[in-house]
Amino acid sequence: MPGHPAHDWTEPDPALPERMVAVAAASLGLRQRAAFFVWAQTQMQGLLPHQLLVCALEQQGQWRADVFNSLPLPAPLGARLQDLRQPAWLALQRQWRQAPLSMAVAELPDELAGALGQAGYAQLLLHGAAAPGRAQRAEAWFLWARSGAAYTRAHGQLAAWLMPHLHAAWRQVQAAGQRLAEPGDAASGLTAREQQILALLCLGLSNQAIAQRLDLSALTVKNHVQKLLRKLRASNRAQAAAMAMAQRLVSV
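All residue numbers for the sequence shown refer to this note's numbering, where the first residue is 10 and numbers rise by one.
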């Protein structure tokens with residue numbers, strides 16, 4: 010399903026309620042990481058414009074964070090964003106008061122600010138999902154980042170509304186990833202990177218465009234695409250994309 014143009018919500022939008030319903034409805038069926046990425050880059054993008062999304066979930070006392078980006082992201086920076094023990098992450102968590110928190114990247118307390126700035130990011134929006142019975146403690150964090158203008162109060166309100174849907178969807182994706190794949194599941198043989206590339210194939214992106222989004226070389230993407238075609242037994246990219254959508258390996 011095509012997404013909506015990113016909106017800064019400086020003026021009322023009569024279509025907003027319909028968009029919100031569509032975003033929430035689409036989140037219910039998300040199980041694959043690649044499908045979640047496509048949903049975030051299309052439907053959620055229309056509500057909360059971003060080029061970077063970090064999703065962190067606490068499970069059995071351990072935090073696991075995943076990074077989704079549409080601008081090239083150096084691998085060391087991606088690794089730091091996944092480490093919730095970093096000073097910048099700890100500072101953001103301390104400032105969170107059960108309400109969306111927006112700030113400029115330059116306000117971060119350590120060198121992560123410079124690294125994000127060099128990668129093209131200027132503004133952050135953070136919100137968390139409170140743990141049951143522990144209102145001051147989050148069991149999930151979601152961090153949006155973008156270049157350009159600051160996130161507005163309206164963006165914060167949308168993030169607050171979206172949180173239960175986003176939290177539930179990400180828990181579904183994580184739970185599905187932990188279960189053993191069922192026999193005959195075409196996605197069971199795909200790596201996380203291959204699923205990510207497959208989702209971008211379904212959006213019609215070229216190898217070069219995929220390489221730029223994922224901060225990979227075009228040759229690396231080409232090799233991943235060739236492996237995808239073999240695993241899906243597809244003769245070309247278009248057939249692979251059609252099979253992926255028909256078998257609901259991704260949601261577009």
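Built from N, CA and C at the ideal position, the CB exists for glycine as well.
Q. To the nearest angstrom, how far is it from the Cα of A267 to the Cα of A253?
A. With the chain covering only 10 through 261, there is no way to say anything about residue 267.
Q.
With DSSP as the reference, identify every bridge partner of F112, one or two as the case may be.
A. According to the sequence as given, residue 112 is Met; it is not Phe. In DSSP, M112 forms a bridge with L133.
Q. Applying the criterion that 16 or more other CB atoms from any shown protein chain within 10 Å of the CB defines a buried residue, is G123 buried or exposed?
A. exposed
Q) Apart from the five residues on each side of it in sequence, which residues of its chain come closer than 6 Å, Cβ to Cβ, to A159? A) Q132
Q. Which residues mark the beginning and the end of the alpha helix (DSSP H) in which R239 is found?
A. 227 to 241
**Q.** Beta carbon of L90 nearer than 8 Å to that of A74
**A.** yes
Q) To the nearest angstrom, how far is it from the Cα of L25 to the Cα of V76? A) 27 Å
Q: Would you identify the three-state DSSP class for W105, choosing helix, strand or coil?
A: coil
**Q.** For S244 and A169, the rounded distance between their alpha carbons
**A.** 44 Å
**Q.** Backbone CA spacing between T161 and K236 [nearest angstrom]
**A.** 43 Å
Q | Integer Cβ distance of S111 from L125, believed to fall under 8 Å | A | That pair is no contact at about 14 Å.
Q | Three-way DSSP call (helix, strand, coil) for A138 in this model | A | strand
Q | CB contact flag (A139, Q107, <8 Å) | A | yes
Q) Do you know how far the Cα of A177 is from the Cα of L241? A) 29 Å
(Q) On the CB-based measure, 16 or more other CB atoms within 10 Å of its CB, does G193 come out buried or exposed? (A) With a pLDDT of 36 at G193, under the threshold of 50, the modelled position of that residue is not reliable, and no figure is offered here.
Q: Please state whether DSSP places N78 in a helix, a strand or coil.
A: strand
Q: May I have a chain-ordered list of the beta strand (DSSP E) segments no shorter than 3 residues that lie completely inside the segment 25 to 73?
A: 61 to 68
Q) For L258, does the three-state DSSP call read helix, strand or coil? A) coil
(Q) Going by DSSP in three states, A147 sits in which element: helix, strand or coil? (A) strand
Q. So, is S83 buried or exposed, given that buried needs 16 or more other C-beta atoms within 10 angstroms?
A. For clarity, residue 83 is Pro in the given sequence; the question names Ser instead. P83 comes out exposed.
Q) In chain order, what residues of the same chain lie with their CB nearer than 6 Å to the CB of A250, ignoring the 5 residues before and after it? A) L210, C211
Q. What is the DSSP secondary structure of L223, reduced to helix, strand or coil?
A. helix
Q: Could you give the DSSP three-state label for L152: helix, strand or coil?
A: strand
Q: Using alpha carbons as the reference points, say which of N78, H164, P58 lies closest to I219.
A: N78
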